[in-house]
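Q:
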Amino acid sequence: MKSIKVISYLFFVLALVTLTACFSSTTLEPSIPSESTVTPVATEKAEPANTEKEVVVGFTLQNLSNPFFVAMSKGATAGAMLHGADVITVSAEGDLDKQTAQIKDFIARKVNVILLNAVDSKGIAGAVSQAKAAGIPVIAVDVGADGGVNTVVTSDNYLAGKLAGEYIVKRLNGKGNVVVIDGPPVSAVTDRIAGFEEAIKAAPGIQVVAKKNGHGNRDISLSMMETILQAYKKGEIDAVFATNDPSGVGAKIAAEQAGRDKEMFIVGVDGAPDAIKAIKEGKSFAATSAQYPFEMIKLAMDEGFKVLKGEKIESLIKIPVDLITQDNVETYKGW
């Protein structure tokens, strides 16, 4: 009996060793499935399939009280989604110091790209230089910026001013008095003024009787226009050129409140909802050179990602504008 138990025990041990060897072989040399059937195992440390999802874009713009910049902020969100990126949008509220601090904060956060809608094209140069030194691409959008930006994506602002000026000249038959409502010290505004001035050169009978800075703000422009209307009697102002639509709407309100809106017409720049509504009224707000802020910022976002990929980009990209008048306003799609 003992010999039988010993033999049985030996068979059991031998079977156990053989079985263990089989399991050891499977663990050390696992079968490798084909590439088409491999499914990565999700873990907390797993890297995302699309590395662009890790990209963070910092966007600082002039203010969010202007519908133009609101449309731009929405475009930035849409553009970031298309690239699988995150976007941090902040408003400088027209304050250069605040915008400078915002860029410094972006640098500290180590964002991958900065989109800049400058409050002051020259004044922001120092902050742009700091971002450049930190290796962060800076894409100027809507207005130019000094300090070494990678590119400027903007509307053709010179053309916007020129179209407005040509419209005024034609409607006044080359003779009349015009008020100009200027804006902030940014390239977009100076280009619009340059285009307007070029247009009226062809008509010596057109005289600019007043030129004031409305700071791109409706309420400031309204107050400023009230002062101008007090300085010039009825019949002494024939037209108003505003370098953006909020300023034009402010001038319109001032003229209406003074009961003088029928003696003049107003031309703006932007294609903003309030201006389009005013144009459709068929009263004093006659035309606007329309921009496309939503598409502009998305294009700026695209250019930023090209830089990240090491692609070469143009130093200036201009987007065409369209003159919207009471004759074609119904076909304008708007923002």
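Numbered according to mature numbering (1 follows the signal peptide of the UniProt record, and there is no 0), the sequence shown spans residues -23 to -1, 1 to 312.
Note that beta-carbon positions come from the ideal geometry of N, C-alpha and C, so glycine has one too.
Nothing here was measured: the structure is a model prediction, and the numbers come from that model.
Taking Cβ positions, are residue 226 and residue 156 nearer each other than 8 Å?
A: no
Q: With distances taken from CA atoms, which of 257, 279 and 301 is nearest residue 59?
A: 279
Q: Please classify residue 126: does DSSP put it in a helix, a strand, or coil?
A: coil
Q: In chain order, which continuous runs of the alpha helix (DSSP H) of length 4 or greater are located wholly inside the region 51 to 99?
A: 73 to 86
Q: Are the region 182 to 199 and the region 159 to 173 in contact at 8 Å, needing three or more beta carbon pairs?
A: With a cut-off of 8 Å, the region 159 to 173 and the region 182 to 199 count as touching, because enough Cβ pairs lie within range.
Q: Residue 301 by DSSP, collapsed to three states: which one?
A: strand
Q: Provide the residue span of the beta strand (DSSP E) that contains residue 152, from first to last.
A: 152 to 159
Q: Hey, how far is the Cα of residue 305 from the Cα of residue 87?
A: 47 Å
Q: Does the region 254 to 264 come into contact with the region 98 to 111, if we say contact requires no fewer than three beta-carbon pairs (one atom in each stretch) closer than 8 Å?
A: no
Q: For the alpha helix (DSSP H) containing residue 133, name the first residue and the last one.
A: Here residue 133 belongs to no alpha helix (DSSP H), and DSSP marks it neither H nor E.
Q: In this structure, does DSSP put residue 189 in helix, strand or coil?
A: strand
Q: Assuming residue 209 and residue 186 are in contact, meaning their beta carbons sit under 8 Å apart, how far apart are those beta carbons, in whole angstroms?
A: 7 Å
Q: Do residue 84 and residue 316 come within 8 Å of each other at the CB atom, strictly closer than that value?
A: Because residue 316 is not part of the residues shown, which for the chain are -23 to 312, the question remains open.
Q: Pick helix, strand or coil for residue 268, following the three-state DSSP scheme.
A: coil
Q: Using 8 Å for Cβ pairs, my map puts residue 158 next to residue 199. What's the rounded Cβ distance?
A: That belief does not hold up - the Cβ atoms of residue 158 and residue 199 are roughly 10 Å apart, past 8 Å.
Q: Can you check which of these residues, 173, 177, 110 and 238, is closest to residue 203 by C-alpha distance?
A: 238
Q: Pop quiz: residue 275 and residue 52 are said to be a contact at Cβ under 8 Å. What is the actual Cβ separation, rounded to whole angstroms?
A: With a contact defined as Cβ atoms closer than 8 Å, residue 275 and residue 52 qualify at about 5 Å.
Q: Going by DSSP, name the residue or residues bridged to residue 37.
A: DSSP output for residue 37 lists 67 and 93 as bridge partner(s).
Q: On the three-pair Cβ rule with 8 Å, is the region 139 to 148 touching the region 107 to 117?
A: Taking 8 Å as the limit for Cβ pairs, the verdict is that the region 107 to 117 does not touch the region 139 to 148.
Q: Distance check for residue 32 and residue 130, CA to CA, integer angstroms please.
A: 20 Å
Q: Do residue 135 and the ligand MG come close, with the Cβ less than 7 Å from some heavy atom?
A: No copy of the ligand MG occurs in the structure displayed, which carries no ligand at all.
Q: Looking at the secondary structure, which residues open and close the beta strand (DSSP E) in which residue 245 lies?
A: 242 to 247
Q: Please state the DSSP three-state secondary structure of residue 293.
A: strand
Q: What residues are listed by DSSP as bridge partners for residue 182?
A: 152
Q: Who pairs with residue 218 in a beta bridge, going by DSSP?
A: 157 and 244
Q: Can you check DSSP and say which residues form a bridge with residue 115?
A: Answer is 91.
Q: How do the region 63 to 81 and the region 283 to 302 stand: do at least 3 beta-carbon pairs fall below 8 Å, yes or no?
A: no
Q: Please state whether the Cβ-Cβ distance between residue 152 and residue 182 is less than 8 Å.
A: Contact annotation: residue 152 and residue 182 have beta-carbon atoms nearer than 8 Å.
Q: Which residue wins for smallest C-alpha separation from residue 42, given the options 170, 249 and 116?
A: 249
Q: Among residues of its own chain, excluding the 5 on either side of residue 222, which ones have a beta-carbon nearer than 7 Å to its beta-carbon?
A: 245, 246, 247, 249, 251, 252 and 265
Q: Whole angstroms is fine: what's the gap from residue 70's alpha carbon to residue 269's?
A: 21 Å
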